[in-house]
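Undergrad:
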Amino acid sequence: MAEVVHMIDSEVFLAFSTYATIVVLKMMLMSFVTSYFRLTKQVFSNLEDTTLVKTTEDRKRLVRVDPDVERVRRCHLNDLENIVPFVVIGFLYALTGPDLYTALLHFRVFVGSRFVHTVAYVMALPQPTRGLTFGVGLFTTFSMAYRVLTTALFL
Amino acid sequence: MAEVVHMIDSEVFLAFSTYATIVVLKMMLMSFVTSYFRLTKQVFSNLEDTTLVKTTEDRKRLVRVDPDVERVRRCHLNDLENIVPFVVIGFLYALTGPDLYTALLHFRVFVGSRFVHTVAYVMALPQPTRGLTFGVGLFTTFSMAYRVLTTALFL
Amino acid sequence: MAEVVHMIDSEVFLAFSTYATIVVLKMMLMSFVTSYFRLTKQVFSNLEDTTLVKTTEDRKRLVRVDPDVERVRRCHLNDLENIVPFVVIGFLYALTGPDLYTALLHFRVFVGSRFVHTVAYVMALPQPTRGLTFGVGLFTTFSMAYRVLTTALFL
């Protein structure tokens, strides 16, 4: 981690910026998927939201839980639980001055695994598709964390 | 993204630091709002927490779900889903060397929209107040992501 | 925040990198704890996941809610709500050029408090153990936010 200053406008950092932005945008996309299911299936969490589809009575009935909406919400939460660690550890990893090829491999595998994970989750593909993509993402992040801790350890 | 090193102690980066800290503190505030509702309404998720308000029996009854507490929790989760992307993308955006005025506009609009969003959510204001503030926040983040990807793209 | 460029490969930044990585890895560990409880107690959120433990009928019965699994999931969410602010504010704090001893104190107290918090939550230790560790973590983050805002304020 000695030459951090020069690393920051390096190709590794540009690559990190690109992949981190893409995967965070993918995570934000889940809000739209949730909204889409809520509006088309007329399922809401808040009474005030029901006016978006209905103005008459019986609005209270639309405040309910739907398995498809819950599935998308779990996928979104799983993204938060995994993409946030990738961004934090990937940023520190990029500052340790890794080889460009190795860094790109980590970023591409992680981002690819999360896109497949989302498709597997939302479309309820048979296991172990989702489990594997989840594991691949975790492993990539652990591999970067290993380099950060072996390069920058200061307890 | 060529002059990243010089950008870091620029006014844009100071502005990012200020607004990111403020909006993250606002997000942390949700924990206190949740605790406030839990203690005043005596609604808990964990049996061991009920000793905070009661030492006698019937503590099991206090482990239940309350619509007001759930509303605050959804607001907190929505903050996580939106403020985390703002922090990540806003940080990379600040490193692309944007115009100070434009950067301040993005940061102020985002942070303002999230404060109004929280008020609209917790007080259950009629829609589309909350929907609009949510959309404004998303749009601001997308606008910054667009600049990051057009400036730093490295796939 | 004037000498940011020189701070980045300072000991404070190395210490931040180390503690941030450790506490984010701890947060990721919660996924394994959840999986462990799901597989041993045979409790799932998604029908397709039940094939991981059973191939015959009656798989629908395994899609249910279990108090122990929900406890671990709340602990994981609480980590997200608290560790993410620590990482964001701690990073900006590290850039303000704090005294190494003071910075290490903040990072160690926070990370220690979150480890004890997890044990207290998962093992359902009597209150106020969990409440105190939660408070200590919050206080540490607020203390760093105070320094960021007093050093870097730019509205």
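Chains as they are written, first to last, in the UniProt record's numbering: chain A, 1 to 155; chain B, 1 to 155; chain C, 1 to 155.
Ideal Cβ positions, reconstructed from N, Cα and C, are used throughout, including at glycine.
Please confirm if the segment 135-142 of chain A is in contact with the segment 104-118 of chain A, defined as three or more CB-CB distances below 8 Å between the two stretches.
TA: These segments touch.
Undergrad: Which residue's Cα is closest to the Cα of C:LEU52: C:PRO98, C:TYR36, C:SER17 and C:LEU125?
TA: Position 52 of the third sequence, counting from 1, holds the residue named residue 52 of chain C. Taking only the C-alpha atoms, the option nearest C:LEU52 is C:TYR36.
Undergrad: Would you say C:ALA15 lies against chain A (beta-carbon separation less than 8 Å)?
TA: To locate residue 15 of chain C, count along the third sequence from 1; it is residue 15. For C:ALA15, the answer is yes, since a Cβ of chain A falls inside 8 Å of its Cβ.
Undergrad: Which two residues bound the contiguous alpha helix (DSSP H) that contains B:SER31?
TA: Residue numbering aside, residue 31 of chain B sits at position 31 when the second sequence is read from its first letter. Residues 11-41.
Undergrad: With 8 Å set as the bound, which would you pick, yes or no: does the beta-carbon of A:HIS76 sit closer than that to a beta-carbon of chain B?
TA: Looking up residue 76 of chain A in the first sequence gives position 76. Interface residue, yes.
Undergrad: What does a CB cutoff of less than 6 Å around B:PHE86 pick up in its chain, not counting 5 residues either side in sequence?
TA: One-based indexing of the second sequence puts residue 86 of chain B at position 86. Hits under 6 Å: PHE110 and THR141.
Undergrad: Using a Cβ-Cβ distance cut-off of 8 Å, determine whether C:LEU138 contacts chain B.
TA: Position 138 of the third sequence holds residue 138 of chain C. Chain B, which has a Cβ nearer than 8 Å to the Cβ of C:LEU138, makes this yes.
Undergrad: Pull up the CB-CB distance for A:VAL72 and A:THR34, whole angstroms please, since I reckon it's below 8 Å.
TA: Counted from its first residue, the first sequence places residue 72 of chain A at position 72. Counted from its first residue, the first sequence places residue 34 of chain A at position 34. Contact flag correct, Cβ pair sits at about 5 Å.
Undergrad: Please report the straight-line C-alpha distance between C:PHE154 and B:ASN82, rounded to a whole angstrom.
TA: Against the third sequence, residue 154 of chain C aligns to sequence position 154. Against the second sequence, residue 82 of chain B aligns to sequence position 82. Spanning the two alpha carbons is a distance of roughly 23 Å.
Undergrad: Kindly indicate the opening and closing residues of the alpha helix (DSSP H) around A:PHE107.
TA: On the first sequence, position 107 is the one that residue 107 of chain A refers to. Note, A:PHE107: alpha helix (DSSP H), 100-122.
Undergrad: Are C:ASP79 and C:MET144 close, meaning C-beta to C-beta below 8 Å?
TA: In the third sequence, residue 79 of chain C corresponds to position 79, counting from 1. In the third sequence, residue 144 of chain C corresponds to position 144, counting from 1. No; because the gap between Cβ atoms is not below 8 Å, this pair is not in contact.
Undergrad: When you compare each of B:LEU132, B:PHE13, B:THR96 and B:PHE32 to B:ARG147 by their alpha carbons, which one comes out closest?
TA: Here residue 147 of chain B is taken as the residue at index 147 of the second sequence, counted from 1. Answer by Cα proximity: B:THR96.
Undergrad: Since B:VAL43 contacts B:ASP66 with CB under 8 Å, what's their CB separation in whole angstroms?
TA: Walking along the second sequence from the start, residue 43 of chain B turns up at place 43. Walking along the second sequence from the start, residue 66 of chain B turns up at place 66. The Cβ separation is near 4 Å, so the contact holds.
Undergrad: Assuming C:THR140 is part of the alpha helix (DSSP H), what are its boundary residues?
TA: Position 140 of the third sequence, counted from the start, is the residue given in the question as residue 140 of chain C. That run of the alpha helix (DSSP H) goes 129-152.
Undergrad: Report the option in C:MET30, C:PRO98, C:VAL84 and C:SER10 whose CA atom is closest to the CA atom of C:VAL69.
TA: Position 69 of the third sequence, counted from the first residue, corresponds to residue 69 of chain C. Of the candidates C:MET30, C:PRO98, C:VAL84 and C:SER10, the one whose C-alpha sits nearest the C-alpha of C:VAL69 is C:MET30.
Undergrad: In whole angstroms, what separates the C-alpha of B:THR150 from that of C:ALA120?
TA: Stepping through the second sequence from its first residue, residue 150 of chain B is reached at position 150. Stepping through the third sequence from its first residue, residue 120 of chain C is reached at position 120. The alpha-carbon atoms of B:THR150 and C:ALA120 are separated by roughly 46 Å.
Undergrad: How about C:PHE91 and C:TYR19: do their beta carbons lie closer than 8 Å?
TA: Counting from one through the third sequence, the residue named residue 91 of chain C turns up at place 91. Counting from one through the third sequence, the residue named residue 19 of chain C turns up at place 19. Contact flag unset, no.
Undergrad: Residues of the segment 71-103 of chain C with a CB closer than 8 Å to any CB of chain A: list them in chain order, please.
TA: Hits within the stretch, in order: HIS76, LEU77, LEU80, VAL84 and VAL87.
Undergrad: Would you mind working out which of B:HIS76, B:SER10, B:LEU62 and B:LEU14 sits nearest B:VAL24, comparing C-alpha positions?
TA: As a first step, residue 24 of chain B is located in the second sequence; it is residue number 24 there, counting from the start. Nearest C-alpha to B:VAL24: B:HIS76.
Undergrad: On the DSSP bridge assignment, give the partners of C:PHE44 in chain order.
TA: Taking the third sequence and counting its residues from 1, one reaches residue 44 of chain C at position 44. DSSP output for C:PHE44 lists C:VAL63 as bridge partner(s).
Undergrad: Is there a C-beta anywhere in chain C that falls below 8 Å from the one on A:LEU132?
TA: Along the first sequence, read from residue 1 onward, the residue named residue 132 of chain A stands at position 132. No, A:LEU132 does not count as interfacial toward chain C.
Undergrad: For B:ASP49, go through chain C and note every residue whose CB falls closer than 9 Å to its CB, in chain order.
TA: Taking the first residue of the second sequence as position 1, residue 49 of chain B is located at position 49. Those within 9 Å of B:ASP49 in chain C are GLN127, ARG130 and GLY131.
Undergrad: Kindly list, in the order they appear in chain C, the residues whose Cβ is closer than 7 Å to that of A:VAL148.
TA: Numbered from its first residue, the first sequence carries residue 148 of chain A at position 148. Under the 7 Å cutoff, chain C gives SER17 and THR21.
Undergrad: Determine whether the Cβ of C:PHE154 lies closer than 8 Å to any Cβ atom of chain B.
TA: As a working mapping, residue 154 of chain C is identified with position 154 in the third sequence. Judged by the 8 Å Cβ criterion, C:PHE154 is in contact with chain B.
Undergrad: Sorted by chain position, which residues of the same chain lie with C-beta nearer than 8 Å to C:THR129's C-beta, five sequence neighbours on each side aside?
TA: As a first step, residue 129 of chain C is located in the third sequence; it is residue number 129 there, counting from the start. Excluding sequence neighbours, C:THR129 sits near VAL116 and ALA120.
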